[in-house]
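Counting from 4, one number per residue, gives the positions in the sequence shown under this note's numbering. Please read the structure below before turning to the comments.
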Amino acid sequence: MAARNSEALDVFLRVAADSRVSWRTVEIAGRGVSADAASATWVISEGKDSLSGEELSDLLIEQSDLVDKLTESWRSFEIEEISGAEFEMHLERIVVGLEGWISRASQK
4 MAARNSEALD
14 VFLRVAADSR
24 VSWRTVEIAG
34 RGVSADAASA
44 TWVISEGKDS
54 LSGEELSDLL
64 IEQSDLVDKL
74 TESWRSFEIE
84 EISGAEFEMH
94 LERIVVGLEG
104 WISRASQK
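Here is the structure:
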């Protein structure tokens with residue numbers, strides 16, 4: 004199930020629907036959904052108009068790196084390379100990173 008062509012949103016929704024994760028992990032995934040929506044809104048409504056192509060590209064590469072980490076962590080959890088607690092820790096770091104990305108991006 005791909006959601007609106009957003010790899011991050013797809014993973015966050017899979018996490019929230021997975022019965023193996025804790026309620027805390029579901030909460031963090033919810034924050035991730037909000038961060039993903041906020042970042043898409045910012046790029047469309049402000050980023051494209053207020054930044055040069057190079058500046059926007061740099062920001063989007065930084066965001067893409069976080070999404071890659073999210074996808075890697077989810078895959079590791081799915082194939083049981085990491086535990087639920089480890090995944091939760093990774094997920095929280097990634098979501099905090101996405102929230103920080105939005106804060107930095109909106110200040111440019």
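Glycine included, each C-beta is placed from N, C-alpha and C at the ideal position.
Please report the Cβ distance between residue i and residue j, rounded to the nearest whole angstrom; I am assuming they are in contact, meaning their Cβ atoms lie under 8 angstroms.
i: residue 15; j: residue 32; result: 5 angstroms
i: residue 28; j: residue 100; result: Not quite, the Cβ-Cβ distance comes to about 16 angstroms (not below 8 angstroms), so this is no contact.
Give the straight-line distance between the Cα atoms of residue i and residue j, rounded to the nearest whole angstrom.
i: residue 69; j: residue 97; result: 6 angstroms
i: residue 19; j: residue 62; result: 27 angstroms
i: residue 81; j: residue 92; result: 15 angstroms
i: residue 109; j: residue 45; result: 7 angstroms
i: residue 39; j: residue 64; result: 15 angstroms
i: residue 72; j: residue 89; result: 13 angstroms
i: residue 103; j: residue 41; result: 11 angstroms
i: residue 52; j: residue 34; result: 26 angstroms
i: residue 25; j: residue 50; result: 35 angstroms
i: residue 48; j: residue 77; result: 30 angstroms
Between residue i and the rest of its own chain, which residues show a CB-CB distance below 8 angstroms, the 5 nearest in sequence each way excluded?
i: residue 36; result: 12, 15, 16 and 19
i: residue 54; result: 62 and 111
Here's a check: name, in chain order, each residue in its chain whose Cβ is nearer than 6 angstroms to the Cβ of residue i, leaving out the five neighbours to either side.
i: residue 85; result: 79
Considering only the alpha carbon of each residue, which of the options lies closest to residue i?
i: residue 105; options: 10, 30, 66 and 54; result: 66
i: residue 9; options: 55, 74, 54 and 56; result: 74
i: residue 30; options: 94, 103 and 60; result: 94
Got a sec? Which residues, its chain only, sit under 7 angstroms from residue i by beta carbon, not counting five neighbours each side?
i: residue 58; result: 111
i: residue 23; result: 87
### Message
Please give the ranges of any alpha helix (DSSP H) in the stretch 21 to 69, keeping only runs that are unbroken, at least 4 residues long and fully inside the region.
### Response
26 to 45
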